[in-house]
Every structure is written in C-alpha cells, then in structure tokens.
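Undergrad: Dropping a structure here in structure tokens format, bear with me for questions.
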Amino acid sequence: MYSPTYRDVHNKFKLNGFHLDRDDLCRVAYSFIKEGEPFEKPVGDFLLDWFDDRDYIEMQTSGSTGIPKLIRVKKQAMVDSSLATGDFFDIHPGDKVLNCLPVKYVAGKLMFVRSFILGLDMEFVAPSSRPLKNNDVVYDFSAMVPLQAQNSLNELHLIKKLIVGGAKINTSLEQQLLKLPTKSFETYGMTETVSHIAAKNVGEKSFKVLPNVTVEKDERNCLVIHAPNISETPIVTNDLVDLISDTEFVFLGRLDNVINSGGIKFSPELIEEKLTKKITDRRFFIAGIPDADLGEKLILVVEGEKYELPENLFDKLEKYEKPKEVVFIPQFKETGNGKIIRKDSLL
1 MYSPTYRDVH NKFKLNGFHL DRDDLCRVAY SFIKEGEPFE KPVGDFLLDW FDDRDYIEMQ
61 TSGSTGIPKL IRVKKQAMVD SSLATGDFFD IHPGDKVLNC LPVKYVAGKL MFVRSFILGL
121 DMEFVAPSSR PLKNNDVVYD FSAMVPLQAQ NSLNELHLIK KLIVGGAKIN TSLEQQLLKL
181 PTKSFETYGM TETVSHIAAK NVGEKSFKVL PNVTVEKDER NCLVIHAPNI SETPIVTNDL
241 VDLISDTEFV FLGRLDNVIN SGGIKFSPEL IEEKLTKKIT DRRFFIAGIP DADLGEKLIL
301 VVEGEKYELP ENLFDKLEKY EKPKEVVFIP QFKETGNGKI IRKDSLL
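Numbering of the sequence shown is given in the UniProt record's numbering, commencing with residue 1 and proceeding in unit increments.
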C-alpha cells in the first residue's frame, strides 16, 4: 500500500486552479515572497521550509494560555495528521477545498499539507472575517474559526463539510449551524497535536478521536493524548474532560481557567455555556478576581460599551455560579487566530 511522505506532492493537487508539482510550488513560493500580497508571504516562507532538506517545521504556539513558544514539528507527523483527517472526514483526491485561514498558524499550514498529500483542488484566499463574501463556488470541504463561520452563515450552504476550530463553538452559533445543509464539525486540537486530533458533529457533546489516537485522563482529570504518529511521547494537556472511553471524551474547560471562590471550584466555560443564549450579540467570559473574603470572586466580563443586560440573565445559574460583578471592556485581547486571552484582557 502506497504511503506518502513529506517529499511527495499528489498528482491531483491544484492551487487556485493550477496543477503544481514540487518544483512549481518552490517557484510560487519565491513569487509570493518577492511580489505577493501580505497574506501570501507567509505561504511562500512555509512552502520553502516544507521543501527544504530538514525533516521538521518550526511553528509558534498560539499563546492563548501562556507565552507563545517555538516548537519543532516533524513534517511526517503533519502528513500522518493529514491522512487521518482524510479518513475521518471522507475526503478524496480531486475534492474542492477552500483555505481561508492564515498560514502563520498550524491550521492554515495543515490545509496546504492536506491538499499536497490528499490531492485536493485548493482555493487559497486572503484570511478575513467573511471569507465567502462575493463567492458562489461550491466546496467539498473547508476549515474556519468560529468568527468566520458566524459571519458566513448566509453563504455556508456553499460548503458541504465544514470543520470549525481554534476556539469553542458557542450555543448560539451551534443552533444556527444545525439549521444549514452544511455538515459541520467542531474540532479539538492545538499546535502541539499538529492541528486536530478529535472532532464531533455540531450538536453532539462528545469528541471522537481520529485514527491512530487514544486518550486517557490524569490525576488532575486533564486529557492525555497518545498519538504515536504525531508525538513519540504522550501529550499532557490542561484541558479538563469527562472520559467516556479511550477514543471519546467531553471537554469541560481549561484547568488554567478554574476559579476557586470561597473554597468552591468553578469551570468558567460551564457557566459561560449557560449564558450563551442570553448574551448573543457580544463576546464575554467568566473570570475570577482577587477578593478578601472569597479568595477569588466570580465576575462576568463583556466586550464593548456598557449596556443594559437582560434582567433574567443569571436565572439559569446555580446560587454560587452567579457573578458578583459585571465588567465591560472595550476590546478583548486575542491571539492572531482569534482566541481570547482572558488574563491579558483584564489588565
């Protein structure tokens, strides 16, 4: 059985309508670097890195939970991740795909690698908050962050299968996606796992892992990922989970975000989930700030100018889940791929 390596480019691969092989892609890379638009220059850099003599790529983590750091990822691990994605989502050579993600981050890079390896007909466009605007092309597959999916609801019927990652899909967006003919999935992953290692149908609770991946949880109740094709050692996360089996889990929130208020530990993501139907027009999060009596007190942080919140906003919350204060912040701090940086936003 043929098993592609990172040196291969599938003979069905197309970039913006043109069949390109390895040499062609290197020429395109130089063109992007010298004469390309700002969003094309990182593509040129990535292509030259991909086709050099090294067996790894250097990538920066997103920085949503700490200081961004440079890590080395094996190119073959990215190939194996692409093959697993192709199997899981039933993607075939010749399928038309839209890449609207910045190639600075792992998700945008992986869309290129999937296309080389699986032989996809990829259209690459400038990353924007509404990538399907003025577009009437039908795509078999695409990947977006939640903000792009939210802003593209009127055009998403053009995409047959959509994966949404980079941040959690809130309940409001989930309900809207369920009304569309598009088959939508929420993905779970990070730079260290070479993009996603699990996914779930939008509307379902639990994530199912991709081929050749198993999971467990440690003594902190955090997810530990075993993906030998991607990492020689287990990947220990700070993500709190309910483990259903070694191939299925429910994400509860990040250990880093846990708030200890009056001796009770709260996962802000679970409280936020209860508020998403009440606050639909603003971004928000639950945080803990120092308090003399409680240690930390729960607050609701809302993006934008101060406005009148619904009277019954906290009706669905348990007694101790109700925030003691509401704080309005003009604009949240975020990573380049749209994840809110909670602690920096509060400074």
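Cβ atoms here follow ideal geometry from the backbone N, Cα and C, with glycine treated the same way. Owing to the predicted nature of the structure, the values given are computational and were not obtained by experimental measurement.
Nearest-angstrom Cα distance between residue 175 and residue 314?
TA: Rounded to the nearest angstrom, the two C-alpha atoms are 21 Å apart.
Undergrad: At 3 residues or longer, and completely inside the UniProt domain "AMP-dependent synthetase/ligase" (61 to 199): list those beta strand (DSSP E) runs for me, N to C.
TA: With a minimum length of 3 residues, the continuous beta strand (DSSP E) runs that stay inside the UniProt domain "AMP-dependent synthetase/ligase" (61 to 199) are 70 to 74, 96 to 99, 121 to 124, 139 to 144, 159 to 164, 183 to 190.
Undergrad: Considering Cα atoms alone, identify which of 277, 241, 287, 112 is closest to residue 261.
TA: Nearest option by C-alpha distance: 287.
Undergrad: Output the distance between the C-alpha atoms of residue 298 and residue 257, rounded to the nearest integer angstrom.
TA: Straight-line Cα distance between these residues: approximately 12 Å.
Undergrad: Just to confirm the assignment, what range does the beta strand (DSSP E) spanning residue 299 have?
TA: Where residue 299 is concerned, the enclosing beta strand (DSSP E) stretches over 295 to 303.
Undergrad: Starting from the C-beta of residue 246, find all residues in its chain whose C-beta is less than 7 Å away, skip the five residues before and the five after it, and write them out in chain order.
TA: Answer for residue 246: 214, 215, 216, listed in chain order.
Undergrad: Excluding the five sequence neighbours on either side, which residues of its own chain have a C-beta within less than 7 Å of the C-beta of residue 197, listed in chain order?
TA: The answer, listed in chain order, is 188, 189, 209, 210, 213, 225, 227.
Undergrad: Helix, strand or coil for residue 249? Go by DSSP, reduced to three states.
TA: Strand.
Undergrad: Which of the three DSSP states, helix, strand or coil, is assigned to residue 29?
TA: Reduced to three states, the DSSP call for residue 29 is helix.
Undergrad: Assign residue 109 to one of two classes, buried (16 or more other C-beta atoms within 10 Å of its C-beta) or exposed (fewer than that).
TA: The residue is buried, with at least 16 neighbouring Cβ atoms inside 10 Å.
Undergrad: At a cut of 8 Å, does the region 177 to 184 reach the region 161 to 168 through at least three beta carbon pairs?
TA: Judged by Cβ distances under 8 Å, the region 177 to 184 makes contact with the region 161 to 168, as three or more pairs qualify.
Undergrad: Tell me the residue span of the alpha helix (DSSP H) that contains residue 341.
TA: No alpha helix (DSSP H) contains residue 341, which DSSP labels as neither H nor E.
Undergrad: Excluding the five sequence neighbours on either side, which residues of its own chain have a C-beta within less than 6 Å of the C-beta of residue 325, listed in chain order?
TA: Contacts found: 299.
Undergrad: Report whether the distance from the Cβ of residue 275 to the nearest heavy atom of the ligand MN is below 7 Å.
TA: Absent from the structure shown: the ligand MN. Ligands present: none.
Undergrad: Pull up the DSSP beta-bridge partners for residue 291, would you.
TA: DSSP, once it has assigned bridges, lists 295 as partnering residue 291.
Undergrad: Using C-beta distances below 7 Å, list every residue in its chain close to residue 178, excluding the 5 sequence neighbours before and after it, in chain order.
TA: Cβ neighbours of residue 178 beyond the five flanking positions: 202, 203.
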